[in-house]
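Novice: Before we start, here is the structure in question, set down as structure tokens.
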Amino acid sequence: MNRREAISHVALLLGGAFSAPTLLAMDHLESRAAVKNATVVFELNEMQRKIVAEVAEMIIPKTDTPGALEAGVPDFIELMLKDCYRQPEHISFNEGIQQLKTAGFLTKSLAEKTDFLRRLEEDTKEMMKAYQVQQSKMGDNEDQELIKVQAKGLPFWRLMKELTLLGYFTSEVGIRSSFDYVPIPGKLEEVKLKPNQKMYAY
Amino acid sequence: MNLNLVVDKTHRYNAIVVGSGMTGGMAAKELTEKGLHVLMIERGREVKHIEDYDTAMKAPWEFAYRGKVPVHSAEELWANNRFGTLANEETGSFFTNDKHNPYIEKRPFDWIRAYHTGGKSMHWGRQSYRWNRQDFEANAKEGIGVDWPIRYDDLAPWYTHAEKFVGINGNKDNLEVLPDGFFLPAMPMYSPERHFSQTMMKKLNRPVVIGRTANLTKPQPWHTALGRATCQYRSKCARGCPYGAVYSSLSGAIPAATQTRRLSMLHDTIVSEVLFDEKTQKATGVRVINQHTREVSEYFADIIFLNAGSMNTAALLLNSKSNRFPDGLGNDSDQVGRNIMDHHLGVGANASVEGFEDDIVYGQRPNALYIPRFRNWANDKQTEYMRGFGYQGGASRSDWKRGVAQDGFGADFKKQITQPGKWNIGFGGFGEVLPNPDNRMYLDAEKTDSWGIPMIVFDAAFGENELAMRKDIANSAAEMLEAAGFKNINTYNRPEVHLGLGIHEMGTARMGKDPKTSVLNKYNQVHACKNVFVTDGAAMASSSCVNPSLTYMALTARAADFAVSEMKKKNL
Numbered sequence: 001m002n003r004r005e006a007i008s009h010v011a012l013l014l015g016g017a018f019s020a021p022t023l024l025a026m027d028h029l030e031s032r033a034a035v036k037n038a039t040v041v042f043e044l045n046e047m048q049r050k051i052v053a054e055v056a057e058m059i060i061p062k063t064d065t066p067g068a069l070e071a072g073v074p075d076f077i078e079l080m081l082k083d084c085y086r087q088p089e090h091i092s093f094n095e096g097i098q099q100l101k102t103a104g105f106l107t108k109s110l111a112e113k114t115d116f117l118r119r120l121e122e123d124t125k126e127m128m129k130a131y132q133v134q135q136s137k138m139g140d141n142e143d144q145e146l147i148k149v150q151a152k153g154l155p156f157w158r159l160m161k162e163l164t165l166l167g168y169f170t171s172e173v174g175i176r177s178s179f180d181y182v183p184i185p186g187k188l189e190e191v192k193l194k195p196n197q198k199m200y201a202y
Numbered sequence: 001m002n003l004n005l006v007v008d009k010t011h012r013y014n015a016i017v018v019g020s021g022m023t024g025g026m027a028a029k030e031l032t033e034k035g036l037h038v039l040m041i042e043r044g045r046e047v048k049h050i051e052d053y054d055t056a057m058k059a060p061w062e063f064a065y066r067g068k069v070p071v072h073s074a075e076e077l078w079a080n081n082r083f084g085t086l087a088n089e090e091t092g093s094f095f096t097n098d099k100h101n102p103y104i105e106k107r108p109f110d111w112i113r114a115y116h117t118g119g120k121s122m123h124w125g126r127q128s129y130r131w132n133r134q135d136f137e138a139n140a141k142e143g144i145g146v147d148w149p150i151r152y153d154d155l156a157p158w159y160t161h162a163e164k165f166v167g168i169n170g171n172k173d174n175l176e177v178l179p180d181g182f183f184l185p186a187m188p189m190y191s192p193e194r195h196f197s198q199t200m201m202k203k204l205n206r207p208v209v210i211g212r213t214a215n216l217t218k219p220q221p222w223h224t225a226l227g228r229a230t231c232q233y234r235s236k237c238a239r240g241c242p243y244g245a246v247y248s249s250l251s252g253a254i255p256a257a258t259q260t261r262r263l264s265m266l267h268d269t270i271v272s273e274v275l276f277d278e279k280t281q282k283a284t285g286v287r288v289i290n291q292h293t294r295e296v297s298e299y300f301a302d303i304i305f306l307n308a309g310s311m312n313t314a315a316l317l318l319n320s321k322s323n324r325f326p327d328g329l330g331n332d333s334d335q336v337g338r339n340i341m342d343h344h345l346g347v348g349a350n351a352s353v354e355g356f357e358d359d360i361v362y363g364q365r366p367n368a369l370y371i372p373r374f375r376n377w378a379n380d381k382q383t384e385y386m387r388g389f390g391y392q393g394g395a396s397r398s399d400w401k402r403g404v405a406q407d408g409f410g411a412d413f414k415k416q417i418t419q420p421g422k423w424n425i426g427f428g429g430f431g432e433v434l435p436n437p438d439n440r441m442y443l444d445a446e447k448t449d450s451w452g453i454p455m456i457v458f459d460a461a462f463g464e465n466e467l468a469m470r471k472d473i474a475n476s477a478a479e480m481l482e483a484a485g486f487k488n489i490n491t492y493n494r495p496e497v498h499l500g501l502g503i504h505e506m507g508t509a510r511m512g513k514d515p516k517t518s519v520l521n522k523y524n525q526v527h528a529c530k531n532v533f534v535t536d537g538a539a540m541a542s543s544s545c546v547n548p549s550l551t552y553m554a555l556t557a558r559a560a561d562f563a564v565s566e567m568k569k570k571n572l
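Chains as they are written, first to last, in the UniProt record's numbering: chain H, 1 to 202; chain G, 1 to 572.
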């Protein structure tokens, strides 16, 4: 390997850019299209919904700004899994919930829950190595992820974390409370960041 | 503004323009402004400027999937979806349903289509560059493909003509590799980008410039006269720009043509063949099929401009058979459908930037930096491949999305990722593709589409030259980022990219000097059928590495000028 090649391929553990979920299963030429089964409906039961809601709120809790629950994140996660992901992710997501259920997650103390999710995150990083996540861009500089397709769906924690962040930071509650929302900037200029200044959202 | 001007009952016009996209729009504008009555035929649905930009003003939370692509949409728009994000809720309606409009892939080809008023001009990347002198001379010098029948000086005034009308922002950079033109004020570089640009010039003697795009930074009177206004820096261009700041056929050329009152338009009308008169050896008109009723009718004109998009234009020629042209109109050379080129992309590098932490940006820049070709240019000689590539990219401050890759969760995590993160910087290459007659599309002998028109078969792939260039694109990007002192450098070379994904597909009815080896002459006239002009990407004899739309528009305006002068001389 020459020096030029050596500076490439930095491994990203949980992932880098936000993933485009259907890239995982997009190409009608590729083998994964065989996994296609639009007829299978993904739906969570009440117990599963409670676990998803609890984990989402632990990722983005209510602080001086609203948390994941107030932003409607749990419903968003379910919708996204149902409509934007295919069976492999449905299975891995359900397996992850089952793991939490078996461990009695909902009855644990906050400290125990936190500890549990920390360990889950560490385990997930190990699992994600197989996906060889790379950041890339296509066309006009749009961040995308290149993920090596695996038969098994993306791990529960990775899905929970990315969908919670996406759901929260694109919700009206999340955007208006976290950022300075300027849908029509009207101009483009560099400015100096002031102390405690919020980021702009568009 | 009424785009559906009544179609003449006699079905007779001075000119027919097939397609309403980037070049169809320009052809209709030029021809109507020169006094011709023009019928423009669009195969897809009608989109009304502003009125039909359904998603233009939506807030992020008004999209159920927040910009991601749902599975059902991915299946309907399978080819579009290979790009990754085109089939989403924001822009999906400006891409064509691939399930209803399938094509055959002998080898994989990413054919991304836009069947509606304005075609792909509705969501183009807007990067607009002139070709340089060498781009027109290289084929002859290197013995690749056929020589261009024109040179830079033939096109230069038409570049200016197109730039003025379209409204291109940029700097005069005084570079031979990237000729200057008529520019509106340039957009700014950000502080890490200025650092990068200065360092590259100092250390590697490589210019890094701000991109040149078709967004109005300072509208001129002729822009305002068409209802076009200043860019609002939302960078939501591909949803349709409600300010008309983005140039599209729908914001610029079609309104200009409409103002002449000499434009008629048909939508939902598929041109199935060009009609040829054996007696006069000229085309007389076109046969069309109504997309919905499937009713077949014919329209007639003195001249016909084919601007259906490179692949469909070639398909239309191939499907127009006559005694004189048993293999398709103008296909004496057997070059129609061959030499498919594109720009290969999805390869580059990115890095994180230390410092500049006090700097943020207000507004979103619908533009990027441009690093003009430096390979096989001036004193640089590569042994692994011919020609070169340009990079597009730039710096941005990371936002909450970095949280996905970051350890942790909870209150501190939330607070931290809400604040501005480090600057990141990245560049992706756009590489020249060489013409190769074996990279081709043709019509299937048996299979037809829903309208009884033979289906297109693609049989094309990147060659060794492109693949070798891709390695260098990734490595050179990493080297430049390293030379600028950036950290965490990561290269990528997406393996799933095929010809077509650059959405710069071209070359299927090339211009040339010799009718034996080319389809069109130096004025984009079909060699053996002089009243048919092809001025979309099909006309290209080589691909350069710069984005092609500006060149297509310049060629179109030049050909239209020639066509009208020939009509006046009674030569057509």
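Where is the CB? At the ideal position from N, CA and C, for every residue including glycine. Being a predicted model, the structure only gives us computed values, none of them experimental.
Hey, how far is the Cα of N367/G from the Cα of G393/G?
Specialist: Indexing the second sequence from 1 puts residue 367/G at position 367. Indexing the second sequence from 1 puts residue 393/G at position 393. The straight-line gap from Cα to Cα measures roughly 9 Å.
Novice: Is there a C-beta anywhere in chain G that falls below 7 Å from the one on I59/H?
Specialist: Taking the first sequence and counting its residues from 1, the one referred to as residue 59/H is at position 59. Taking Cβ atoms only, chain G reaches closer than 7 Å to I59/H, which makes this a yes.
Novice: Grouping DSSP H, G and I as helix and E and B as strand, with all else coil, what is F165/G?
Specialist: Stepping through the second sequence from its first residue, residue 165/G is reached at position 165. Reduced to three states, the DSSP call for F165/G is helix.
Novice: Since N205/G and G24/G are thought to touch, with beta carbons under 8 Å apart, how far apart are those beta carbons, to the nearest angstrom?
Specialist: The residue given as residue 205/G occupies position 205 in the second sequence. The residue given as residue 24/G occupies position 24 in the second sequence. In fact, because the Cβ distance is near 42 Å, the residues do not count as touching under 8 Å.
Novice: What in chain G is Cβ-close to S92/H, meaning under 9 Å?
Specialist: Here residue 92/H is taken as the residue at index 92 of the first sequence, counted from 1. Neighbours of S92/H on chain G: none; closest Cβ ~16 Å, over 9 Å.
Novice: Please classify D54/G as buried or exposed, where buried requires at least 16 other C-beta atoms within 10 Å of its C-beta.
Specialist: Position 54 of the second sequence, counted from the first residue, corresponds to residue 54/G. Exposed, by the Cβ-count rule.
Novice: Taking the CB atoms as reference points, tell me whether A554/G and Y159/G lie closer together than 7 Å.
Specialist: If you number the second sequence from 1, residue 554/G lands on position 554. If you number the second sequence from 1, residue 159/G lands on position 159. For A554/G and Y159/G, yes; Cβs fall inside 7 Å.
Novice: Can you list, in chain order, the residues of its chain with a C-beta nearer than 6 Å to that of K282/G? Leave out the 5 residues immediately preceding and following it.
Specialist: By 1-based counting over the second sequence, the position of residue 282/G is 282. Counting only Cβ-Cβ distances below 6 Å, and skipping sequence neighbours, we find N531.
Novice: I want to verify the contact list: residues of chain G whose CB lies under 8 Å from the CB of R86/H, in sequence order.
Specialist: Counted from its first residue, the first sequence places residue 86/H at position 86. Chain G residues near R86/H: V71.
Novice: For chain G, find out if any of its Cβ atoms is closer than 7 Å to the Cβ of E190/H; answer yes or no.
Specialist: In the first sequence, residue 190/H corresponds to position 190, counting from 1. So yes, E190/H belongs to the interface.
Novice: Can you list the alpha helix (DSSP H) stretches of 4 or more residues lying completely in the stretch 101 to 145 of chain G, in chain order?
Specialist: Counting whole runs of 4 or more residues, the stretch 101 to 145 of chain G contains the alpha helix (DSSP H) stretches 133 to 142.
Novice: Taking the C-alpha atoms as reference points, what is the distance between G330/G and C545/G?
Specialist: By 1-based counting over the second sequence, the position of residue 330/G is 330. By 1-based counting over the second sequence, the position of residue 545/G is 545. G330/G and C545/G: Cα-Cα distance of roughly 28 Å.
Novice: Cβ atoms of A214/G and R126/G: under 7 Å apart, would you say?
Specialist: On the second sequence, position 126 is the one that residue 126/G refers to. On the second sequence, position 214 is the one that residue 214/G refers to. For R126/G and A214/G, yes; Cβs fall inside 7 Å.
Novice: Going by alpha carbons, who is nearest to L443/G out of I453/G, N436/G, P437/G and P435/G?
Specialist: Translated into the one-based positions of the second sequence, residue 443/G becomes position 443. Looking at the Cα atoms, I453/G is the closest of the given residues.
Novice: Against chain H, with Cβ distances strictly below 7 Å, would K99/G count as a contact?
Specialist: For the purposes of this step, residue 99/G is identified with residue 99 of the second sequence, where counting begins at 1. No, because no Cβ of chain H sits closer than 7 Å to the Cβ of K99/G.
Novice: Using only alpha-carbon positions, find the residue among Y299/G, E142/G and P221/G that is nearest to L184/G.
Specialist: Here the question's residue 184/G lines up with position 184 in the second sequence. Closest by alpha carbon: P221/G.
Novice: Taking C-beta pairs closer than 8 Å, name the residues in chain G that T63/H reaches, listed in chain order.
Specialist: Here the question's residue 63/H lines up with position 63 in the first sequence. A411, K414 and K415, listed in chain order.
Novice: Please list, in chain order, all residues of the same chain as K164/G whose beta carbon is under 7 Å from its beta carbon, the five residues on each side excluded.
Specialist: Taking the second sequence and counting its residues from 1, the one referred to as residue 164/G is at position 164. These residues qualify, in order along the chain: F182.
Novice: From which residue to which residue does the beta strand (DSSP E) around K192/H run?
Specialist: As a working note, residue 192/H is residue 192 in the first sequence. Start and end: E189 to K192.
Novice: For D332/G, count the other beta carbons within 10 Å of its own beta carbon; 16 or more makes it buried, fewer makes it exposed. Which is it?
Specialist: Here the question's residue 332/G lines up with position 332 in the second sequence. Flag for D332/G reads buried.
Novice: Is the number of C-beta pairs between the stretch 478 to 485 of chain G and the stretch 500 to 513 of chain G that are closer than 8 Å three or more?
Specialist: With a cut-off of 8 Å, the stretch 500 to 513 of chain G and the stretch 478 to 485 of chain G do not count as touching, because too few Cβ pairs lie within range.
Novice: At what residue ranges does the stretch 291 to 341 of chain G contain a whole run of the alpha helix (DSSP H), taking only runs of 4 or more?
Specialist: Here the runs fully enclosed are 310 to 319.
Novice: If we ignore side chains and look at the alpha-carbon of each, how far apart do residue 208/H and I60/H end up?
Specialist: One cannot answer for residue 208/H here, as it falls past the ends of chain H, which runs 1 to 202.
Novice: What's the gap between the Cα of H123/G and the Cα of L110/H?
Specialist: Counting from one through the second sequence, the residue named residue 123/G turns up at place 123. Counting from one through the first sequence, the residue named residue 110/H turns up at place 110. When rounded, the distance between both Cα atoms is 49 Å.
Novice: Check W343/G in the structure and name its three-state DSSP category.
Specialist: Your numbering for residue 343/G matches position 343 in the second sequence. Correcting the residue identity first, residue 343/G is His in this sequence and not Trp. H343/G: strand per DSSP, three-state reduction.
Novice: Which residues of chain G have a Cβ atom closer than 7 Å to the Cβ of S178/H, listed in chain order?
Specialist: If you number the first sequence from 1, residue 178/H lands on position 178. Those are T418, listed as they occur along chain G.
Novice: So, L250/G versus A257/G, is the Cβ gap smaller than 7 Å?
Specialist: Looking up residue 250/G in the second sequence gives position 250. Looking up residue 257/G in the second sequence gives position 257. No, they are not a contact pair.
Novice: Could you compute how far the alpha carbon of E274/G sits from the alpha carbon of L317/G?
Specialist: Translated into the one-based positions of the second sequence, residue 274/G becomes position 274. Translated into the one-based positions of the second sequence, residue 317/G becomes position 317. One point to set straight first is that residue 274/G is Val, not Glu, in the sequence displayed. Using only the alpha carbons, I get a separation of about 7 Å.
Novice: What do you reckon, are the CB atoms on K192/H and D399/G nearer than 7 Å?
Specialist: Numbered from 1 along the first sequence, position 192 holds the residue referred to as residue 192/H. Numbered from 1 along the second sequence, position 399 holds the residue referred to as residue 399/G. Their beta carbons are not under 7 Å apart, which means K192/H does not touch D399/G by this criterion.
Novice: Provide the residue span of the alpha helix (DSSP H) that contains T114/H, from first to last.
Specialist: Sequence index remark: in the first sequence, residue 114/H carries index 114 (1-based). Counting along the chain, the alpha helix (DSSP H) containing T114/H begins and ends at L110 to M128.
Novice: G153/H CB to nearest chain G CB: under 7 Å?
Specialist: Counting from 1 along the first sequence, the entry for residue 153/H is found at position 153. Answer no: the Cβ-Cβ gap between G153/H and chain G never drops below 7 Å.
Novice: Cβ atoms of H498/G and D110/G: under 7 Å apart, would you say?
Specialist: Within the second sequence, residue 110/G is the residue found at index 110, counting from 1. Within the second sequence, residue 498/G is the residue found at index 498, counting from 1. Yes; because the gap between Cβ atoms is below 7 Å, this pair is in contact.
Novice: Quick one, which of E466/G, Q406/G, F276/G and A351/G has its alpha-carbon nearest V526/G's?
Specialist: Residue mapping note: residue 526/G aligns to position 526 of the second sequence, counting from 1. Nearest option by C-alpha distance: F276/G.
Novice: So is M127/H in contact with chain G if we call contact Cβ pairs under 7 Å?
Specialist: For the purposes of this step, residue 127/H is taken as residue 127 along the first sequence, with counting starting at 1. Not one chain G Cβ lies under 7 Å of M127/H.
Novice: Express the C-alpha separation of I210/G and E189/H in angstroms, rounding to a whole number.
Specialist: Here residue 189/H is taken as the residue at index 189 of the first sequence, counted from 1. Here residue 210/G is taken as the residue at index 210 of the second sequence, counted from 1. About 15 Å.
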